[in-house]
Amino acid sequence: MKLYIKYMVSLRCKMMVKSELEKLGLHYVNVDLGMIEILENITTEQRMQLKANLLKSGLELLDDKKSILIEKIKNVIIEMIHYSDELPTENYSDYISGKLGYDYTYLANTFSEVKGITIQQFIIVHKIERVKELLLYNELNLTEISYKLHYSSVAHLSNQFKKVTGLSPSFYKHLKQKRKDNLENL
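Right, dumping it as structure tokens:
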């Protein structure tokens, strides 16, 4: 039986989920990317208890099919952008559709209806968050970041960055460095 939980992909969240499952005597096969797979059928009482315990930890057990699908879409995008070394070379729409086994038009319409933004807008926001991370690590220059995240050019990355944050990438990096320097000098 598979259950879906709304949580960020982190070791801490996985450990909390595993702990709650163990408290209820539930045996799991896998806890990964917002989904847990348990070996036995879960009773209504166990489900309610798990839901309540997870909620206390800031996690949410998802019940309706649209919410589950939206979380799956978000998790695929977050994993693709934040947790893989290379973005897929195929179109994002083909990649997401292939990963989830649904027609992309259906996924896009459902996502927009529930979230109020398009999948493409969600991808852009997360790509910009990834750019911010990479800028702060200071290991890659803007050209390398642009290439890594499949932007057509540094100018395209910079324009998109400015649209989302209101700042140029270099000014953002300068601000973060200035804050870091100020904290170190305290």
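At the far end of the sequence shown sits residue 535, using our numbering, and the numbering has no gaps. No residue lacks a Cβ here, since even glycine has one placed at the ideal position from N, Cα and C.
Original post:
Terminal residues of the continuous beta strand (DSSP E) containing GLU386?
Top reply: 384 to 387
Original post:
Looking at C-beta atoms only, is the number of pairs between the segment 418 to 438 and the segment 449 to 460 that lie closer than 8 angstroms three or more?
Top reply: yes
**OP:** Use the C-beta contact count for PHE471: other C-beta atoms within 10 angstroms, 16 or more gives buried, fewer gives exposed.
**Re:** buried
Subject >> DSSP beta-bridge partners of VAL380 >> reply: Bridge partners of VAL380: ILE385.
Original post:
Between the beta-carbon of LYS448 and the beta-carbon of VAL425, is there less than 7 angstroms?
Top reply: yes
**OP:** Give the secondary structure of GLU409 by DSSP, where H, G and I count as helix, E and B as strand, and everything else as coil.
**Re:** In the structure shown, GLU409 sits in a strand (DSSP, three-state: E or B).
Subject >> Buried versus exposed, by CB contacts within 10 Å (16 or more), VAL380 >> reply: buried
**OP:** Can you tell me which of the three DSSP states GLY447 falls into?
**Re:** helix
Subject >> Beta-carbon proximity list for LYS525, same chain, < 6 angstroms, skipping 5 on both sides >> reply: LEU485
**OP:** Would you identify the three-state DSSP class for THR392, choosing helix, strand or coil?
**Re:** coil
Original post:
In angstroms, rounded to a whole number, what distance separates the CA positions of LYS481 and ALA504?
Top reply: 16 angstroms
Original post:
DSSP state of ASN440, grouped into three classes?
Top reply: Residue state, collapsed to three classes: coil.
Subject >> Supposed contact pair ILE430 and LYS372 - C-beta distance, whole angstroms, cut 8 angstroms >> reply: Their Cβ separation, rounded to whole angstroms, is 33 angstroms, which puts LYS372 and ILE430 out of contact at 8 angstroms.
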